[in-house]
Each structure stands twice: as C-alpha cells, then as structure tokens.
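S.K.:
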Amino acid sequence: MGWAKHRDDMETGRFIPPFAFMLLLTPFSLLVGFFSAGAGHGSYFFTKVLFPFTMMSTVFYDEITLTFLILGLIQFPMYGVFLGAMNRFGLKRPAIVALSILHVSATAACFLLIGENFS
3 MGWAKHRDDM
13 ETGRFIPPFA
23 FMLLLTPFSL
33 LVGFFSAGAG
43 HGSYFFTKVL
53 FPFTMMSTVF
63 YDEITLTFLI
73 LGLIQFPMYG
83 VFLGAMNRFG
93 LKRPAIVALS
103 ILHVSATAAC
113 FLLIGENFS
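FYI, the numbering for the sequence shown is 3 to 121, going by this note's numbering.
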C-alpha cells in the first residue's frame with residue numbers, strides 16, 4: 003500500500019506540525035504553571051518543570067522579572083520554531099533529544115539553585 007505512509011514520513015520536511023503543536027501547548031502550560039504557583043502561596047514545582055528558564059531569574063533577582071516572564075510566554079513557541087526548522091532538514095528526532103536535554107538540564111538547575119522563597 004504505497005498510499006498509506008507512516009505519519010513521520012508525511013510530516014518530515016514540514017515546519018507547521020511541530021510549531022502548531024507547541025503553540026497549542028502554550029496556554030495549557032501557562033495555566034498549569036500559574037495555578038501551581040498559587041499567586042505565591044502554592045508550590046512552584048510545575049512552574050519550575052514547565053518554565054525553568056523563567057524561574058532561573060529568581061536565582062539572580064529573587065523575583066520573576068518582566069523580561070523572564072515574557073521569556074516564559076514565548077518559550078514553547080520558540081521550541082516550536084526550533085523543532086519546525088529542524089524538521090525541515092529531516093532532523094526532528096535529534097532536535098527533540100537536544101531540546102529535551104536542554105530543558106531537563108535547566109529544570110535540574112532550577113531545583114538545585116532556587117532559594118526558599120520559590121520552593
């Protein structure tokens with residue numbers, strides 16, 4: 003059946019599928035992060051897991067600065083741009099691995115470095 007191609011084969015070379023997925027993931031991630039923080043009275047666990055680069059601003063500034071808040075808003079769309087661009091070159095899987103390593107490393111740094119005000 004030549005017409006029944008594997009899904010990855012059909013999407014290789016296309017920018018939109020990975021980008022659209024990450025774009026759609028953004029509002030849900032923001033809601034989980036927001037409700038996890040509980041307006042400063044909750045646990046920052048999911049916020050650190052989802053938005054480690056934003057939470058790293060608390061290490062240096064002891065608060066979440068506006069610049070890093072904006073970074074949190076565009077983090078997942080930026081991931082989508084990266085994955086979409088790499089998909090155009092047929093490198094979706096290595097890009098996912100590289101992005102996962104970067105994100106997990108930043109998350110680990112969050113849990114190791116962030117002080118008690120954002121625990």
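Heads up, the beta-carbon is just placed ideally off N, CA and C, and yes, glycines get one too.
(1) Check whether the Cβ atoms of Ala39 and Ser31 lie closer than 9 Å to each other.
(2) Pairs of beta-carbons, one from the stretch 78-96 and one from the stretch 61-69, closer than 8 Å: are there three or more?
(3) Excluding the five sequence neighbours on either side, which residues of its own chain have a C-beta within less than 6 Å of the C-beta of Lys50, listed in chain order?
(4) Exposed or buried, which one is Pro130 when buried takes at least 16 other CB atoms within 10 Å?
(5) Out of Phe91, Val83 and Glu65, which has the shortest C-alpha to C-alpha gap to Glu118?
(6) If you draw a straight line from the alpha carbon of Leu27 to that of Leu73, how long is it in whole angstroms?
(7) Given this structure, state the Cα-to-Cα distance separating Phe23 from Arg16, to the nearest angstrom.
M.R.: If we stick to the structure as given:
(1) Counting from one through the sequence shown, the residue named residue 39 turns up at place 37. Counting from one through the sequence shown, the residue named residue 31 turns up at place 29. Contact: no.
(2) Contact check between the stretch 78-96 and the stretch 61-69: fewer than three CB pairs, one atom from each, fall below 8 Å, which does not count as touching.
(3) By one-based count along the sequence shown, residue 50 stands at place 48. If you ignore the 5 residues before and after Lys50, its C-beta comes within less than 6 Å of the C-beta of Met57 and Cys112, all in its own chain and listed in chain order.
(4) Residue 130 lies beyond the stretch modelled for the chain, which goes from 3 to 121, so this question has no answer here.
(5) For this step, residue 118 is matched to residue 116 along the sequence shown. Ranked by Cα distance from Glu118, the first of Phe91, Val83 and Glu65 is Glu65.
(6) If you number the sequence shown from 1, residue 27 lands on position 25. If you number the sequence shown from 1, residue 73 lands on position 71. The alpha-carbon of Leu27 is positioned some 15 Å away from that of Leu73.
(7) As a first step, residue 23 is located in the sequence shown; it is residue number 21 there, counting from the start. As a first step, residue 16 is located in the sequence shown; it is residue number 14 there, counting from the start. Those two C-alpha atoms are separated by around 13 Å.
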